[in-house]
């Protein structure tokens, strides 16, 4: 697995979509990558400069080079600010999160090409493992998507949060200001991927309190992409067809059940790649480089 994945791997249909939605063409792509690399080198930032890695940030910011640079800086600054999440981050150290189904990637992609990232925070308990592991597992999942499915950089991702079982037991930990700031940053600026929509199902009153504290930290564009479904499966299924939802769950889906043992095995194959990502330390506060 190479960090240059994504340079020549898009289908004709996805390339056309990238041209229309992201302003990406074969003629401007290489020039923009070179220009972004030059800005990074001029700023003295220590980070990965592989073509495919830089392309992620250009696609996430529709080939606006200065916005891509800001996204690149935010990516590494997040790793500096939250070292407890990224230090020695390897798939094998977060397998328990996937096995417990607190974080998952649903097997089938939606008709629009988006993968679905699935959270079940009600399955987490403070005595199970640190809440930081939720963020760590999410980083592993997103990095895996960007590497193995480069079209995700064009289509974006859909997030589904199933709050069945969520109560004040979890809420008191997620209402802490430090957690809320971290959640807002990870949702909006920590990775070069476009979040197309966030679907929230079966939200209890405890979550309403958490969301009330989180919402002021979200950009208006992100708030507009959040849809609350309440306890209506009909509403949820109108956005995410049941064929894409896991079977044997409260979502009444007919897709592969969770945990997905094949996925757990495949994600372990990325161990060497995650070692490589650890090789780019941040030497100073990067916000001064924007």
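Residue numbers (the UniProt record's numbering): 1 to 290.
We put the beta carbon where it would ideally sit given N, CA and C, even for glycine.
What would DSSP say about residue 196, mapped onto helix, strand or coil?
Within the chain shown, the letter at position 196 stands for residue 196. Residue 196 falls in the strand class under three-state DSSP.
Determine whether the beta carbon atoms of residue 97 and residue 137 lie at a separation below 9 Å.
Working through the chain shown from its first residue, we reach residue 97 at position 97. Working through the chain shown from its first residue, we reach residue 137 at position 137. Going by C-beta atoms, residue 97 is nearer than 9 Å to residue 137.
Tell me residue 255's beta-bridge partners as DSSP assigns them.
Stepping through the chain shown from its first residue, residue 255 is reached at position 255. Paired residue(s): 246.
With DSSP as the reference, label residue 135 as helix, strand or coil.
Residue mapping note: residue 135 aligns to position 135 of the chain shown, counting from 1. Here residue 135 sits in helix by DSSP.
Using a threshold of 9 Å, state whether the C-beta atoms of residue 54 and residue 147 are closer than that.
Mapped onto the chain shown, residue 54 falls at position 54. Mapped onto the chain shown, residue 147 falls at position 147. No, they are not a contact pair.
Would you mind listing the beta strand (DSSP E) stretches within the stretch 126 to 184 that are 3+ residues and don't spill past its ends, in chain order?
Within the stretch 126 to 184, the complete beta strand (DSSP E) runs of at least 3 residues are 157 to 162.
By alpha-carbon positions, which one of 195, 240 and 215 ends up nearest to residue 61?
Looking up residue 61 in the chain shown gives position 61. Among 195, 240 and 215, the Cα nearest to that of residue 61 is on 195.
Measure the C-alpha to C-alpha separation of residue 299 and residue 267 and round it to an integer number of angstroms.
With the chain covering 1 to 290 only, the question about residue 299 has no answer from this structure.
Can you find the residues in the same chain that come closer than 8 Å, C-beta to C-beta, to residue 125, ignoring five residues on each side of it along the sequence?
Mapped onto the chain shown, residue 125 falls at position 125. Same-chain partners within the cutoff: 169 and 170.
Which residues in the same chain have their Cβ closer than 8 Å to the Cβ of residue 122, if we skip the five residues on either side of it in sequence?
Counting from 1 along the chain shown, the entry for residue 122 is found at position 122. Only 162, 163, 164, 165, 166, 167 and 170 meet the Cβ criterion.
If you reduce the DSSP assignment to three classes, tell me which class residue 210 lands in.
Position 210 of the chain shown, counting from 1, holds the residue named residue 210. Note: residue 210 maps to helix in three-state DSSP.
Contact defined as beta carbons within less than 8 Å: I believe residue 259 pairs with residue 79. What is the distance between those atoms, to the nearest angstrom?
In the chain shown, the residue the question calls residue 259 occupies position 259. In the chain shown, the residue the question calls residue 79 occupies position 79. In fact, because the Cβ distance is near 27 Å, the residues do not count as touching under 8 Å.
Rounded C-beta distance between residue 10 and residue 150? I'm assuming under 8 Å.
Counting from one through the chain shown, the residue named residue 10 turns up at place 10. Counting from one through the chain shown, the residue named residue 150 turns up at place 150. Between residue 150 and residue 10 the Cβ distance is about 7 Å, and since that is below 8 Å, they are a contact.
Please report the distance separating the alpha-carbon of residue 20 from that of residue 27.
Taking the first residue of the chain shown as 1, we reach residue 20 at position 20. Taking the first residue of the chain shown as 1, we reach residue 27 at position 27. Whole-angstrom Cα-Cα distance: 14 Å.
List, from N- to C-terminal side, the beta strand (DSSP E) runs of 3 residues or more that fit wholly inside the stretch 55 to 108.
Counting only runs of 3 or more, we get 103 to 105.
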